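**Q**
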Amino acid sequence: MRSSESDLRPRRWYHFWRFKLWTDYHREVKHLEIDFSVTEREKQISLIVDDGGFKFSVFFVAATGFLASSFSLFALNVIGPALMYVYDPTNKKDGTAKNLILDEVTLAGTIVGMLGMGHFADRMGRKRLYGLELALVIFATFGIIQASNGLMVFDQTVDGPSQSMDIYSWLIWWRSVLGIGIGAEYPLSAIITAEWASTQSRGTMLAAVFLMQSVSRLCVDGISLGILEYASSQWGLPPSGPEWQINQTITTNGTTFLETGASQLVIDQVWRWIVGVGVIPAAIAIIMRLTIPETPRYYAGIMKDLRKAVQNTLRVYHNTEVRENGPRRANLITTSAADTDEQDEGREHWYTWYVGAWKYLSGPDKAWKTLSAISLLWALLDVCFYGLSMDLSTDLSIIRHDPSTEKSCSGSYPTVSWNSDWWNCSPTIYSVLQSNSVWFLELASSPSVVGGICALFIINMFRRKHILAVTSLLISICLAITGVSLIVSACLMQSHMVAKVMYGILSFLFNLGPNTFTFVIAAEVYPTVYRGTFFGLSAAAGKVGAALIRVIINYRTSQHETSLGIRLLVFIPLMLIVSLLSLYLPDVQVPAGVSSGQDEEGRQGDHNSNTGSTESANRDARSQIPLSSGKVRRGLFVKLKNKALEDIAPNPQRAAEGEKKR
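Structure, rendered in structure tokens:
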């Protein structure tokens, strides 16, 4: 018997406040008798979510978390010189080695977080992990900002160690924990966005979430400049004052600071504040994630509970109206109680999921090809991207060097380990940190943000894999121009102006194309039941590439301009391979006015032939769509629309259900 309209309205405890928090969503869906077939579940939940459009609450939940984790990652690059200045190793080689170890343990933790949390999201549910990765980020951040050498002994006559602890040992531990939290955020942010977004807003929302990585870099650079200026002014240390000079003795209020004692106190505060600021967006993200329930596609595709999926959807898409019959809802088919036993299917044995995953990869769909292509593509991409950004301060000092006006300092680095500028013969820590932040803003952060914003406008204008292929090809051309110009200008003793401009263009292109679209496509091409695991595998492959290139660039030759130029030229074939691999990725869009099933040339229709009259009706409706040539229109300038996630990567359980019914 149909429920009355009054039964369908949300029940609130305080109607005059009309707080959504108190809506009794169970009353919205308790009258529904659900068809538990996989196809019907996917279709129903897609219809409900698609009515919601771009949901800003979902976007902010994912975006704040991604911003927090990215901020923590890029903040570590800024504080490198500060650590070397305050806790100066015995020599330049020791400082370089410790920086390498700190970066490598962070990347190793990131790989663990991507693999572990991505898989747990599929096996345990997304909701159980919401905020856990950010709690790790906050926990590790507090550990980092409180790390120290312990009790220090300045009396040179005392035998034994001069300090009770080693700050670098603590930093290695806490950065590995931080890396796990950062890595875990990648698959979880992608899952939250992809599975909550409507079909047409999915690409834009995913790209907007990834834009937060560039925004975080911009924030790190801007905040570091502000904190450096504020802290130095609070201590009364002007930027050009003698307190910043090496081997100076400062007397203030009758107290004598040995060497750089005053400036060391300032810089020690600066790097701790920079890292600590990352706790703010992480805390906000955790609070916001408490308001988002489990994704509806997890309940529909994995837990096989459409009633719960609809209930959770109503918590987010408050204006959605659910009916048993209606023009905007396909009928929810009544089944016998015996059919609901399928809810427990797939959870009877712990290994069922792994058997299904193996069949999916090695079965007729050859899903291993997609997984391998995206993983290899992401690995090669991160080799190039992190090869240009993980040693950014040194690379930018090379690019901004003008051989026609500057001279090197006796052909070798200054003795201080924190100076990344080869040609700065009288550095101060203030000038190094300030110039690094300014150049990061001009040549890396700002172009990256602009590129990410432009990606939002083109993501639905062209096929994603075509954008990825074209931008990767353009990056290859820019790498060739930049590398050759560096080598030639160094030989001719001319300014590296061309390299400066091209470096900014490279930062723009990386976020216009490969960085953004690899993240977006990887979140779309895997089925719901395996999305977290396979996304984590693909992203972890990228961080493996980053870890390898970090070791390689650590051992560069003394000819810095030539070394950087050669490195850029070596990246060219890698980006060409990325461009080629992009063409083999699955399509996630179809021309406007064409159904997903028709674009797949009947594959979906054959695959779902076991679903009965409902699918037959859908195929009949598709056949009535007018097409001038009778074929799918393909091309660069064809207006596109996104496929539903279930059409991009059909649930592998469909075939199993079909066999069971036959």
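Take full-length UniProt numbering: the final residue in the sequence shown is number 662, and no numbers are missing along the way. The beta carbon of each residue, even a glycine, is placed where N, CA and C say it ideally should be. Keep in mind the model is a prediction, meaning the values are calculated, not measured.
1) Are the CB atoms of P281 and R315 within a distance shorter than 8 Å?
2) Would you say S216 and G65 are within 8 Å of each other, going by their C-beta atoms?
3) Pairing CB atoms from the segment 552–572 with CB atoms from the segment 122–140, are three or more of them under 8 Å?
4) In this structure, how does DSSP classify M641 when only helix, strand and coil are distinguished?
5) Just to check my reading of the structure: L512 and S582 have Cβ atoms closer than 8 Å, yes? What is that Cβ distance to the nearest angstrom?
6) When the distance is taken between beta carbons, is F120 closer than 8 Å to L129?
7) Less than 7 Å between C-beta atoms, sequence neighbours within five positions excluded: which residues of the same chain meet that for T471?
8) Give a yes or no on contact between the segment 145–152 and the segment 164–182, applying the rule of three or more CB pairs nearer than 8 Å.
9) DSSP on P447, reduced to helix/strand/coil?
10) In whole angstroms, what separates the C-alpha of G203 from that of I459?
11) Could you compute how far the alpha carbon of K308 sits from the alpha carbon of I302?
12) Enumerate in chain order the residues of its own chain whose CB-to-CB distance from L473 is below 6 Å, with the five nearest sequence positions on each side excluded.
13) Quick check on A649: buried or exposed, where buried means 16 or more other Cβ atoms within 10 Å of its Cβ?
14) Per DSSP, what kind of secondary structure is G254 in: helix, strand or coil?
15) Is it buried or exposed for D402, if we count other Cβ within 10 angstroms and need 16 for buried?
16) Pull up the distance between the alpha-carbon of A541 and that of V588, whole angstroms please.
17) Does the distance from the C-beta atom of K543 to that of D382 stay below 8 Å?
18) My output table needs one value for Q311: the three-state DSSP class, helix, strand or coil.
19) Hey, how far is the Cα of I572 from the Cα of W353?
20) In whole angstroms, give me the CA-to-CA distance for I577 and L479.
21) Whose C-alpha, out of P652, V520, I286, is nearest the C-alpha of A197?
22) Using 10 angstroms around the beta-carbon of G504, count the other beta-carbons present and answer buried if the total reaches 16, otherwise exposed.
23) Quick check on this structure: which residue in H560, S389, F462 has the alpha carbon closest to the alpha carbon of L441?
24) When the distance is taken between beta carbons, is W439 closer than 8 Å to V396?
25) Which runs of the alpha helix (DSSP H) spanning at least 4 residues fall entirely within the segment 127–155, listed in chain order?
26) If you compare alpha carbons, which of F517, S375, G545, I477 is closest to F457?
**A** Result, derived from the coordinates:
1) For the purposes of this step, residue 315 is identified with residue 315 of the sequence shown, where counting begins at 1. For the purposes of this step, residue 281 is identified with residue 281 of the sequence shown, where counting begins at 1. Contact flag unset, no.
2) In the sequence shown, residue 216 corresponds to position 216, counting from 1. In the sequence shown, residue 65 corresponds to position 65, counting from 1. In this structure, G65 does not lie closer than 8 Å to S216 by Cβ.
3) The segment 552–572 and the segment 122–140 do not touch, with fewer than 3 CB-CB distances between them shorter than 8 Å.
4) Within the sequence shown, the letter at position 641 stands for residue 641. In the sequence under discussion, the amino acid at residue 641 is Lys, which differs from the Met named in the question. DSSP places K641 in strand when its eight states are reduced to three.
5) Translated into positions along the sequence shown, residue 512 becomes position 512. Translated into positions along the sequence shown, residue 582 becomes position 582. Actually they are not in contact, since the Cβ atoms of L512 and S582 sit about 14 Å apart, beyond 8 Å.
6) For the purposes of this step, residue 129 is taken as the residue at position 129 of the sequence shown. For the purposes of this step, residue 120 is taken as the residue at position 120 of the sequence shown. Taking 8 Å as the Cβ cut-off, L129 and F120 qualify as a contacting pair.
7) On the sequence shown, residue 471 is found 471 positions in, with the first residue counted as 1. Cβ within range, chain order: L509, L512, G513, P514.
8) yes
9) In the sequence shown, residue 447 corresponds to position 447, counting from 1. Here P447 sits in helix by DSSP.
10) Looking up residue 203 in the sequence shown gives position 203. Looking up residue 459 in the sequence shown gives position 459. Taking the straight line joining both Cα atoms gives about 7 Å.
11) As a first step, residue 308 must be located in the sequence shown, where it is residue number 308. As a first step, residue 302 must be located in the sequence shown, where it is residue number 302. Answer to the nearest angstrom: the Cα atoms are 12 Å apart.
12) One-based indexing of the sequence shown puts residue 473 at position 473. Excluding positions up to five away in sequence, the list reads S579.
13) Position 649 of the sequence shown, counted from the first residue, corresponds to residue 649. When all chains shown are included, A649 counts as buried.
14) Position 254 of the sequence shown holds residue 254. Residue placement at G254 is flagged as unreliable, the pLDDT there being 45, under the threshold of 50; the coordinate-derived value follows with that caveat. G254: coil per DSSP, three-state reduction.
15) Translated into positions along the sequence shown, residue 402 becomes position 402. Exposed is the call here.
16) Here residue 541 corresponds to residue number 541 of the sequence shown, with the count starting at 1. Here residue 588 corresponds to residue number 588 of the sequence shown, with the count starting at 1. The straight-line gap from Cα to Cα measures roughly 22 Å.
17) Here residue 543 is taken as the residue at index 543 of the sequence shown, counted from 1. Here residue 382 is taken as the residue at index 382 of the sequence shown, counted from 1. Yes, they are a contact pair.
18) Along the sequence shown, read from residue 1 onward, the residue named residue 311 stands at position 311. Q311: helix per DSSP, three-state reduction.
19) Reading the sequence shown from its first residue, position 572 is the one you call residue 572. Reading the sequence shown from its first residue, position 353 is the one you call residue 353. Spanning the two alpha carbons is a distance of roughly 40 Å.
20) On the sequence shown, position 577 is the one that residue 577 refers to. On the sequence shown, position 479 is the one that residue 479 refers to. Distance between the alpha carbons of I577 and L479: 14 Å.
21) For the purposes of this step, residue 197 is taken as the residue at position 197 of the sequence shown. Measuring from the Cα of A197, the nearest candidate turns out to be V520.
22) Within the sequence shown, numbered from 1, the residue matching residue 504 stands at position 504. Under this definition G504 is a buried residue.
23) Within the sequence shown, residue 441 is the residue found at index 441, counting from 1. Residue S389 is the option with its Cα nearest to L441.
24) Against the sequence shown, residue 396 aligns to sequence position 396. Against the sequence shown, residue 439 aligns to sequence position 439. Note on residue identity: the sequence assigns Leu, not Val, to residue 396. In this structure, W439 lies closer than 8 Å to L396 by Cβ.
25) 132–145
26) Counting from one through the sequence shown, the residue named residue 457 turns up at place 457. If we check each option's Cα against that of F457, F517 comes out closest.
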